[in-house]
Amino acid sequence: GGGGHHGGGVHATPPHSGGGRGGRSGASGFALKALGSHDLGGGRDAPAPVAFACSGTGSGYFLAVANRVLMLGLDGSIGPSLEFGGNVTALCTSGEFLFAAFEAIVPSRTAVPAGHVELVHVPSGGRKHVTPKDVCFSHRGPILALETVGLPGKPIPVLFTGCSDGSMAMWISEDGTLWNKKTMGEAHLRAVTTLAWHPDMRRLLSGSLDMTVAIWDPASVDAPKKVFLPDQSRHQAGIASVRVARLGPDAPCFISADQHGYITAWRATSLDDASPVTGCEGYASNPLTAMEVLNLPGSPGPVIVSGLSGGSISMRTVADGLPIATVLAPKVAHSRGPTIVCPPVLGEGRFLTAGGDHKTTLWQFAGPGGTPPALVAA
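Each residue of the sequence shown is one higher than the one before, counting from 14 in my numbering.
The structure is reproduced here in structure tokens:
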């Protein structure tokens, strides 16, 4: 239930065998060290964590497990939890606000699971519904992806939602009470699994199980979008994650990863179009369940941290025009998968993972000579 939920104590190393205690790559000189692990409780049969989000104020993390969102400290320690009216399917934050999507069964003849979103003001605990609570709900199915964009002079950010039925919507509110919904045309043919805001392009990126990535202009969401076809991106499985990356001072870039582990980098050719970066592609491992892109000083480019279905994490570096290469070989992060990855709170040289073993593990890179480099979200 809600309230304070605390797991087991901190371990000096992850409670598993295998390669999870770090290692050193001769090519890069970087090592990965596990700083500690926390038990989420619930036993072996408890539901696995499904979504992570960084606190918008830099104070910690949020982790979705079943119908609860756990508040975690910067070290992964477990604090109070928030309870929702169904299983939580996606999270995102903006400043002091947390958006949580959850799947609720609506009383009706068809009993179709409805995707709902609640807005939580974290400091006060105040909560408001974003989506309508009647049977004329906005999405026919669970909401699998959320993203927010702050607007100058607006206390409440714009919210974007992506649904299992392939639809997308944009939600705007002046005070967080009444939300104006704008449907985003014919979105994807299958479930929308990932959303990311590109600050340089001022565009929204979406990825789907239909194996495509799309660019959206939020100022004119009803205008036709650009969809990258599978034969152009070479993705042959559903998109698991799309994230912003910086490959240089020139055109904006982003990275997409599919569920088979194939990763490719894209460079914007305009604000509404992009093409794959020649030669900048590779495999993380198969199958892939999550991906984050981090900047690691001393690396030839951003580092891709991938969570894998078996409980491991893999790391690759991406540089302009070069194949995606290994930074550190895959490490066992959790005794059971899937593994999900949370990007670091800005300025911290650490990142957090959670797995199907119902544990969180805190990781830190060590550079040449054992010096922890600064690690920031790309």
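Positions of the beta carbon are idealized from the N, C-alpha and C atoms, including for glycine. Note that this is a predicted model, so its numbers are computed, not measured.
Note to self: Can you look up Ala297 in the DSSP assignment and give me helix, strand or coil?
What the structure shows: By 1-based counting over the sequence shown, the position of residue 297 is 284. Three-state result, Ala297: coil.
Item checked: Exposure label - Thr144; buried when at least 16 CB within 10 Å -> Numbered from 1 along the sequence shown, position 131 holds the residue referred to as residue 144. Under the 10 Å beta carbon count, Thr144 is surrounded by 16 or more other beta carbons and is classified as buried.
Check: Span of the beta strand (DSSP E) holding Glu160?
Finding: Position 147 of the sequence shown, counted from the first residue, corresponds to residue 160. Here the beta strand (DSSP E) through Glu160 covers Ile156 to Val162.
Notebook entry, point to check: To which residues does DSSP link Arg247 through a beta bridge?
Noted result: Against the sequence shown, residue 247 aligns to sequence position 234. DSSP lists no beta-bridge partner residue for Arg247.
Item checked: With 16 other Cβ atoms within 10 Å as the buried cut-off, status of Lys344 -> The sequence position of residue 344 within the sequence shown is 331, counting from 1. When all chains shown are included, Lys344 counts as buried.
Margin query: Please report the distance separating the alpha-carbon of Pro155 from that of Ala127.
Written below: Looking up residue 155 in the sequence shown gives position 142. Looking up residue 127 in the sequence shown gives position 114. Roughly 6 Å separates the two Cα atoms.
Notebook entry, point to check: Three-state secondary structure (DSSP) at Pro343?
Noted result: Taking the sequence shown and counting its residues from 1, the one referred to as residue 343 is at position 330. In this structure, Pro343 counts as strand in the three-state DSSP scheme.
Item checked: Option nearest Val78 by Cα separation, candidates Arg280, Trp192, Val290 and Gly99 -> What you label residue 78 is simply residue 65 of the sequence shown in a count that begins at 1. In terms of CA proximity to Val78, Gly99 leads the group Arg280, Trp192, Val290 and Gly99.
Checklist line | Spatial neighbours of Trp210 in its chain, beta-carbon cut-off 7 Å, leaving aside the 5 residues before and after | finding: Counting from 1 along the sequence shown, the entry for residue 210 is found at position 197. Cβ within range, chain order: Glu160, Val162 and Leu217.
Item checked: Selected residue, minimal CA-CA separation from His134, among Gly179, Ala342, Ser221 and Thr70 -> Position 121 of the sequence shown holds residue 134. Selected option, being the one with the closest Cα: Thr70.
Check: So which of Arg215, Arg140, Leu222 and Leu172 has the shortest CA-CA distance to Gly179?
Finding: Looking up residue 179 in the sequence shown gives position 166. For Gly179, the nearest C-alpha among the options comes from Leu222.
Check: Just curious, the beta strand (DSSP E) that Glu96 is in, first and last residue?
Finding: The residue given as residue 96 occupies position 83 in the sequence shown. Ile91 to Glu96 is the span of the beta strand (DSSP E), which, as asked, contains Glu96.
Notebook entry, point to check: Where Leu375 and Ala44 are concerned, what is the direct C-alpha to C-alpha distance, given to the nearest angstrom?
Noted result: By 1-based counting over the sequence shown, the position of residue 375 is 362. By 1-based counting over the sequence shown, the position of residue 44 is 31. Taking the straight line joining both Cα atoms gives about 14 Å.
Notebook entry, point to check: Glu199: buried (16+ other C-beta within 10 angstroms of its C-beta) or exposed?
Noted result: Walking along the sequence shown from the start, residue 199 turns up at place 186. Here Glu199 is exposed. Its C-beta has fewer than 16 other C-beta atoms within 10 Å.
Notebook entry, point to check: Helix or strand or just coil, what does DSSP make of Ser319?
Noted result: One-based indexing of the sequence shown puts residue 319 at position 306. Three-state DSSP puts Ser319 in a strand.
Notebook entry, point to check: Is it right to say Ala287 is buried, meaning 16 or more other beta carbons lie within 10 angstroms of its own, or is it exposed?
Noted result: Walking along the sequence shown from the start, residue 287 turns up at place 274. It counts as buried.
Margin query: Looking only at its chain, what residues have a beta carbon closer than 7 Å to the beta carbon of Leu95, apart from the 5 residues adjacent to it on each side?
Written below: What you label residue 95 is simply residue 82 of the sequence shown in a count that begins at 1. Cβ within range, chain order: Gly15, Arg81, Val82 and Val133.
Notebook entry, point to check: How is Ser288 classed by DSSP in three states: helix, strand or coil?
Noted result: Residue 288 sits at position 275 when you count from the first residue of the sequence shown. If DSSP states are grouped into helix, strand and coil, Ser288 belongs with the strands.
Notebook entry, point to check: In the structure shown, what three-state DSSP assignment does Ser186 receive?
Noted result: Taking the first residue of the sequence shown as 1, we reach residue 186 at position 173. Correct three-state label for Ser186: coil.
Check: Between Ile228 and Lys238, what straight-line distance do the alpha-carbon atoms span, to the nearest angstrom?
Finding: As a working note, residue 228 is residue 215 in the sequence shown. As a working note, residue 238 is residue 225 in the sequence shown. Each residue's Cα considered, the two are about 6 Å apart.
Check: For Gly175, is the classification buried or exposed, using 16 other Cβ atoms within 10 angstroms of its Cβ as the cut-off for buried?
Finding: Numbered from 1 along the sequence shown, position 162 holds the residue referred to as residue 175. That one is buried.
Notebook entry, point to check: Which one or two residues does DSSP pair with Lys141 in a beta bridge?
Noted result: Here the question's residue 141 lines up with position 128 in the sequence shown. Partner(s): Leu132.
Check: Is the number of C-beta pairs between the segment 293-307 and the segment 315-329 that are closer than 8 Å three or more?
Finding: Result yes; three or more Cβ-Cβ pairs closer than 8 Å.
Checklist line | Classification of His371 by the beta-carbon crowding that lies within 10 angstroms, buried from 16 upward | finding: Counting from one through the sequence shown, the residue named residue 371 turns up at place 358. Burial check for His371: the Cβ neighbour count within 10 Å reaches 16 or more, so the residue is buried.
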